[in-house]
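Asks:
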Amino acid sequence: MSAAIPDLRGARVLVTGGLGFIGSALAARLARSGAEVAVIDALIPEHGGNRRNLDGSDGRIEIATADVRDEAALKRLAAGRDFLFNLAGQTCHMDSMADPWTDLDINARAQLSILEVCRRANPGVKIVFAGTRQVYGRPDSLPVGEDHPLRPVDVNGINKLAGERYHLLYNDVYGLRSCVLRLTNTYGPRMRVKDARQTFLGEWIRLALRGKTFEVWGGEQLRDFNYVDDVVDALLLAAGSVRANGRVYNLGGERAVPLAEVAALLIETAGAGAFKVAPFPEDRKSIDIGDYHADSTRIRSELGWSPRVSLREGLARTVEFFRERLEDYA
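Once you know that position 284 of the sequence shown is 283 in numbering that gives the first Met the number 0, the rest is easy, because the numbers rise by one and skip nothing.
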């Protein structure tokens, strides 16, 4: 079980990328707990933002449709906030290779803009930045700990690494309290399923629920997975911990799982669909990192976090959510 989640009742909180998959789950949790929550999201079509993700918030969450690169909007929203969860970003690896300039602008320049606004307008805010396992590149050994060499294999990984380094720099130089969580494959309700831009698992879920066959590239490649509620727990624990300031934490799933096993479990859970193992397409193979699973010893020992939802249970919850709402998201 995770450690006790900090009580943020009454706290003023801003979530960037707050109409996205993880951001909306976090914003909804915060609002239910009594926090005063605002979200900012540009709703760029290729990214994960979706207004349906905060259906039922009943006006408890302020929603600003704006780009984090809009300094005036960001300054207004960030002023007086106690916490900023920085989840805005471009996540698609292939898009980063096709359009590196946009990826640079969102995952690097925009991060500096957020930090500069906070440094000038609200230096007392605590920032939690959502990073990625992609910064490690191809692992030298498994599981991968935070001290593993950082060798991103694509433009997205390089720019996300720059974004996290900016946060750590501003913590160390300006005292702007910041920390970084390096996320692995996150899944759950509200995830993007219309394509594989956010994660391959979303596309698998859409195709399985429609009774289609999907491809599993490689098949035996190992990955770890985190259900979205467990990721939200980690974000909240990091926000509430003084010890987390200036630290980097890996999030890792309960175990490493071959992708073919994940596909089989998904089909069993959905009661529909099929999969076939296929070789990696050449354009994907060149930036694939091979087997990966994280060593999350640091966050377990320092913050008391551990995943609570098994892959089987998490897939069951996710399939149930999308079985009723697939057409709204697909």
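Backbone N, C-alpha and C define an ideal beta-carbon position, used for all residues, glycine too.
Would you call the CB atoms of Asp-81 and Val-124 closer than 8 Å?
Replies: Mapped onto the sequence shown, residue 81 falls at position 82. Mapped onto the sequence shown, residue 124 falls at position 125. Yes, they are a contact pair.
Asks: Quick test of your reading: Asp-287 and Phe-279, contact by CB under 8 Å. State the CB separation rounded to the nearest angstrom.
Replies: Counted from its first residue, the sequence shown places residue 287 at position 288. Counted from its first residue, the sequence shown places residue 279 at position 280. Going by Cβ atoms, the distance from Asp-287 to Phe-279 rounds to 6 Å, so yes, they are a contact pair.
Asks: Quick check on the burial criterion: 16 or more other C-beta atoms within 10 angstroms. Buried or exposed for Val-172?
Replies: To locate residue 172, count along the sequence shown from 1; it is residue 173. Val-172 is exposed by the Cβ-count criterion.
Asks: Among Arg-222, Ile-126 and Tyr-186, whose alpha-carbon lies nearest the alpha-carbon of Leu-175?
Replies: Position 176 of the sequence shown, counting from 1, holds the residue named residue 175. If we check each option's Cα against that of Leu-175, Ile-126 comes out closest.
Asks: Short of 6 Å in beta carbon distance, which residues of its chain neighbour Tyr-226, apart from the five on each side in sequence? Order them along the chain.
Replies: Within the sequence shown, the letter at position 227 stands for residue 226. If we look at Tyr-226 and ignore the five residues flanking it on each side, its Cβ neighbours are Gly-187, Val-308 and Gly-313.
Asks: Taking the alpha helix (DSSP H) that Cys-117 falls in, what are its first and last residues?
Replies: Translated into the one-based positions of the sequence shown, residue 117 becomes position 118. Counting along the chain, the alpha helix (DSSP H) containing Cys-117 begins and ends at 109 to 120.
Asks: Could you give the distance in angstroms between the alpha-carbon of Met-190 and the alpha-carbon of Arg-196?
Replies: Taking the sequence shown and counting its residues from 1, the one referred to as residue 190 is at position 191. Taking the sequence shown and counting its residues from 1, the one referred to as residue 196 is at position 197. Straight-line Cα distance between these residues: approximately 11 Å.
Asks: Run through the DSSP bridge pairs and tell me what Gly-130 is partnered with.
Replies: Against the sequence shown, residue 130 aligns to sequence position 131. Gly-130 pairs with Arg-181.
Asks: Could you check how far apart the C-beta atoms of Leu-182 and Ala-271 are, in whole angstroms? I think they sit under 8 Å.
Replies: The count along the sequence shown starts at 1 and reaches residue 182 at position 183. The count along the sequence shown starts at 1 and reaches residue 271 at position 272. The Cβ separation is near 29 Å, so there is no contact.
Asks: When DSSP labels each residue in this structure, what does Asn-225 get in the three-state scheme?
Replies: Residue numbering aside, residue 225 sits at position 226 when the sequence shown is read from its first letter. If DSSP states are grouped into helix, strand and coil, Asn-225 belongs with the strands.
Asks: Assign Thr-317 to one of three DSSP states: helix, strand, or coil.
Replies: On the sequence shown, position 318 is the one that residue 317 refers to. Thr-317: helix per DSSP, three-state reduction.
Asks: Would the region 5 to 25 count as touching the region 38 to 47 if we require 3 or more Cβ pairs under 8 Å?
Replies: The region 5 to 25 is in contact with the region 38 to 47.
Asks: Just how far apart, CA to CA, sit Glu-326 and Ala-262?
Replies: Here residue 326 corresponds to residue number 327 of the sequence shown, with the count starting at 1. Here residue 262 corresponds to residue number 263 of the sequence shown, with the count starting at 1. Rounded to whole angstroms, Glu-326 to Ala-262 spans 21 Å at the Cα level.
Asks: Could you give the residue range of the beta strand (DSSP E) that holds Thr-15?
Replies: Start at 1 with the first residue of the sequence shown, and residue 15 comes out as number 16. 11 to 15 is the span of the beta strand (DSSP E), which, as asked, contains Thr-15.
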